[in-house]
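Report on one structure; see the data block that follows.
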Amino acid sequence: MKKLRCDKPYDIDEARKRKGLPRRRRKDSRTTAYELTIRVPVEYQVYFDGKKKLTRVVFALNKKEDLKSQVKSFEEEKNSELESRLEVRGCKTAESDDQNDELCRTPIGEYVYRYIDIRSNGAVGKETIRNENNYARYINAAMGHIPLCDLTSRDVEACLLAVPDLSRKWAEEKRAAREENRKQADWCKKHHKRMKPLAPIRVAGPDLQSKILKFLREVLNYAVEKEDIAKNVAKAKFLTRLFKKSKPLIDPLMPDGAARFLEAIERLPIGFLKLALLLLLNTGMRPEEMQAIRPGNFIFDEDETVVKITSVVKDRGTKIVDYPKSDSSRRSVPIDAYTAEMAKQWIAMKKALLAEAGLKFTMNTPLMGPLDTPYTYRTFLVYWEDFCCKAGFENVRPYALRHTFATLNLANGENIKTVSVLLGHKSSAYTLDLYAGYVPMTGVGLGTRYMSFLRGFGKAA
Numbered sequence: 001m002k003k004l005r006c007d008k009p010y011d012i013d014e015a016r017k018r019k020g021l022p023r024r025r026r027k028d029s030r031t032t033a034y035e036l037t038i039r040v041p042v043e044y045q046v047y048f049d050g051k052k053k054l055t056r057v058v059f060a061l062n063k064k065e066d067l068k069s070q071v072k073s074f075e076e077e078k079n080s081e082l083e084s085r086l087e088v089r090g091c092k093t094a095e096s097d098d099q100n101d102e103l104c105r106t107p108i109g110e111y112v113y114r115y116i117d118i119r120s121n122g123a124v125g126k127e128t129i130r131n132e133n134n135y136a137r138y139i140n141a142a143m144g145h146i147p148l149c150d151l152t153s154r155d156v157e158a159c160l161l162a163v164p165d166l167s168r169k170w171a172e173e174k175r176a177a178r179e180e181n182r183k184q185a186d187w188c189k190k191h192h193k194r195m196k197p198l199a200p201i202r203v204a205g206p207d208l209q210s211k212i213l214k215f216l217r218e219v220l221n222y223a224v225e226k227e228d229i230a231k232n233v234a235k236a237k238f239l240t241r242l243f244k245k246s247k248p249l250i251d252p253l254m255p256d257g258a259a260r261f262l263e264a265i266e267r268l269p270i271g272f273l274k275l276a277l278l279l280l281l282n283t284g285m286r287p288e289e290m291q292a293i294r295p296g297n298f299i300f301d302e303d304e305t306v307v308k309i310t311s312v313v314k315d316r317g318t319k320i321v322d323y324p325k326s327d328s329s330r331r332s333v334p335i336d337a338y339t340a341e342m343a344k345q346w347i348a349m350k351k352a353l354l355a356e357a358g359l360k361f362t363m364n365t366p367l368m369g370p371l372d373t374p375y376t377y378r379t380f381l382v383y384w385e386d387f388c389c390k391a392g393f394e395n396v397r398p399y400a401l402r403h404t405f406a407t408l409n410l411a412n413g414e415n416i417k418t419v420s421v422l423l424g425h426k427s428s429a430y431t432l433d434l435y436a437g438y439v440p441m442t443g444v445g446l447g448t449r450y451m452s453f454l455r456g457f458g459k460a461a
């Protein structure tokens, strides 16, 4: 099969300028309009409804990167379209002429599950395998019947576009089944009571699409290494552009709101909830890190108390494990004297409660839960929502306290690298990318200060 190539891009803006016509409307006024043209060979015109050329208008910021990328994407799209139409009509492409007999014709759905089985021999964790099985479910439903060697980037795109619809369909089926079960529940019949309504349906979006694309690329990389296929079609650039992972929701409390939140915490009696809220607000730790806090994590000192963050809860909040994320997530964060005092008092109370129950208190005893086990995140949310409702902070997430810690520290002039380390981010570039809007502008008056320094230095010399 001959590859379709694009002609030299035609500058529409320059042509309209020569004719005295205004520029076309566009979202970004800095861009330039170009017309891309692919001349279709005579033998392939039948596959494009007799068209002699394929055109597209694009808007690019520069020729070197943006325009070049869009030209390549246009060529890849039309070549993939041609390949798929040739296959539908029973024709062989240049690649398939000599290779298809040797390539793997196992359906992609079956191949994906086999890949997961190979990895589930202890090479990866249970949670990873559970997530990959979820991704495989979508892949199998959307394109599981397609032979591996016949898979195209258009098939991958169609699969990813189907994710929200499949998610909604399965969620509605599950909800209907649960509603039916609730009607037949013995408890309802016995007590003649209605259960609380189920939570609203959650539909998968860009994040899951991005994760499935990443997983598909891993599977097809494995297939390429085994020589089951010639190339990884999931690596097409237009897929990366279309299915980007969305940024985390940044929803911090404003300074006055954070101050009122702290006042509400200080009014609470000594207990696990008070310490949990103080740690979330004072250290910016993640909720799963807070749930794993133990007495041994505190280093009490006269000058400044430090809490070491080294572990998280797993298995739905029932088990504490060493931090699996990255080395940067293991860190030490200083806390204020009030939070340190509350921690000392709760540790003493916890020790007394365990003694009454006949249990042994150790430095590894979980502090955020009843006796010697941590509360699950769902249980913590019940306490959280009750506190927020009484304090007037409805619809605030626990994670908002982490964003509050980051944004207010940056607004107060703390170094971006320091905040990044305290948050446990792998790099300060990631922290800056997330919270760039909260970093104060330090360039005001820089030119004046710089020139004054030079003039003062010259006079001193």
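Residue numbers (UniProt numbering): 1 to 461.
Just so it is clear, CB atoms sit at the ideal spot from N, CA and C, and this is done for glycine as well.
- Tell me the start and end of each unbroken alpha helix (DSSP H) in the region 334 to 412 that is at least 4 residues and wholly inside, in chain order. Annotation note: the region 334 to 412 contains the following uninterrupted alpha helix (DSSP H) runs of length 4 or greater, listed N- to C-terminal: 337 to 356, 377 to 391, 399 to 411.
- Message: Measuring straight from C-alpha to C-alpha, what distance separates residue 98 and residue 3?
- Response: With a pLDDT of 45 at residue 98, under the threshold of 50, the predicted position of this residue should be treated as unreliable, though the coordinate-derived value follows. Straight-line Cα distance between these residues: approximately 17 Å.
- Which of helix, strand or coil DSSP assigns to residue 104: coil
- On the three-state DSSP scale, how would you describe residue 74? helix
- Message: At the level of alpha carbons, what is the spacing between residue 453 and residue 447?
- Response: 10 Å
- Query: Since residue 305 is in the beta strand (DSSP E), which residue starts that stretch and which ends it?
  - Reply: Residues 305 to 309.
- Query: Out of curiosity, what's the CA-to-CA distance linking residue 94 and residue 83?
  - Reply: Note that residue 94 scores 48 on pLDDT, short of 50, meaning its location in the model is unreliable; the coordinates nonetheless yield the value given after this. Straight-line Cα distance between these residues: approximately 10 Å.
- Item | Residue from 388, 403, 402 with nearest C-alpha to residue 396 | Selected option, being the one with the closest Cα: 388.
- Alpha carbon to alpha carbon, how far is residue 70 from residue 244? Give it in angstroms, no decimals. 17 Å
- Task: Could you tell me which of 137, 345, 320 sits nearest to residue 291, measuring between CA atoms?
- Result: 320
- Task: Apply the 10 Å Cβ neighbour rule to residue 19 and answer buried if 16 or more other Cβ atoms are within range, or exposed otherwise.
- Result: exposed
- Task: Quick one: residues in its chain with C-beta nearer than 7 Å to the C-beta of residue 120, no 5 flanking neighbours on either side, listed in chain order?
- Result: 129
- Item | Proximity below 8 Å, CB of residue 309 to CB of residue 333 | yes
- Query: Under three-state DSSP, which class holds residue 92?
  - Reply: Low confidence applies to residue 92: its pLDDT is 49, below 50, so where it sits in the model is not reliable, and the reading given next is rough at best. Residue 92: coil per DSSP, three-state reduction.
- Task: Would you list the one or two residues that DSSP bridges to residue 37?
- Result: 55
- Task: Please report the residue range of the beta strand (DSSP E) in which residue 320 lies.
- Result: 319 to 322
- Just the Cα atoms here: how many angstroms apart are residue 248 and residue 265? 26 Å
- Query: Could you give the distance in angstroms between the alpha-carbon of residue 285 and the alpha-carbon of residue 279?
  - Reply: Near 7 Å, if we compare the C-alpha coordinates of residue 279 and residue 285.
- Message: Along the chain, where does the alpha helix (DSSP H) containing residue 215 start, and where does it finish?
- Response: 206 to 225
- Task: Could you tell me if residue 477 is buried or exposed, where buried requires 16 or more neighbouring beta carbons within 10 angstroms of its beta carbon?
- Result: Residue 477 is absent from the structure shown; the chain starts at 1 and stops at 461.
- Message: Just to confirm before moving on: does the CB-CB distance between residue 261 and residue 393 stay below 8 Å?
- Response: Annotated as proximal: residue 261 and residue 393, with beta-carbon spacing under 8 Å.
- Task: Go ahead and pull the three-state DSSP assignment for residue 18.
- Result: helix
- Message: Tell me whether the region 54 to 71 and the region 29 to 45 touch, counting them as touching only if at least three CB pairs, one residue from each stretch, are closer than 8 Å.
- Response: yes
- Helix or strand or just coil, what does DSSP make of residue 236? Of the three classes helix, strand and coil, the one that applies to residue 236 here is coil, per DSSP.
- Looking only at DSSP bridge pairs, what is residue 48 linked to? Answer is none; residue 48 lacks a bridge partner.
- Item | Member of 306, 209, 413, 79 whose CA lies at the smallest distance from the CA of residue 41 | 79
- Task: Have a look at 16, 176, 338, 376 and flag the residue whose alpha-carbon is nearest the alpha-carbon of residue 306.
- Result: 338
- Item | Unbroken alpha helix (DSSP H) run spanning residue 427, endpoints | It is not in any alpha helix (DSSP H) - residue 427 carries neither H nor E in the DSSP assignment.
- Message: Quick check: the Cα distance between residue 342 and residue 277, rounded to an integer number of angstroms?
- Response: 11 Å
- Extent of the continuous alpha helix (DSSP H) to which residue 159 belongs: Residue 159 -> alpha helix (DSSP H) spans 153 to 161.
- Query: So the alpha helix (DSSP H) residue 257 belongs to, where does it begin and stop?
  - Reply: 255 to 266
- Message: Among the candidates 181, 220, 174, whose CA atom is the shortest distance from the CA of residue 201?
- Response: Nearest C-alpha to residue 201 among 181, 220, 174: 174.
- Query: If you run the structure through DSSP and keep just helix, strand and coil, what is residue 176?
  - Reply: helix
- Task: Just confirm the distance between the C-beta atoms of residue 234 and residue 156, as a whole number of angstroms; I'd bet it's less than 8 Å.
- Result: 5 Å
- For residue 430, does the count of other Cβ atoms within 10 angstroms reach 16, so buried, or fall short, so exposed? exposed
- Coil, strand or helix - residue 27 by DSSP: coil
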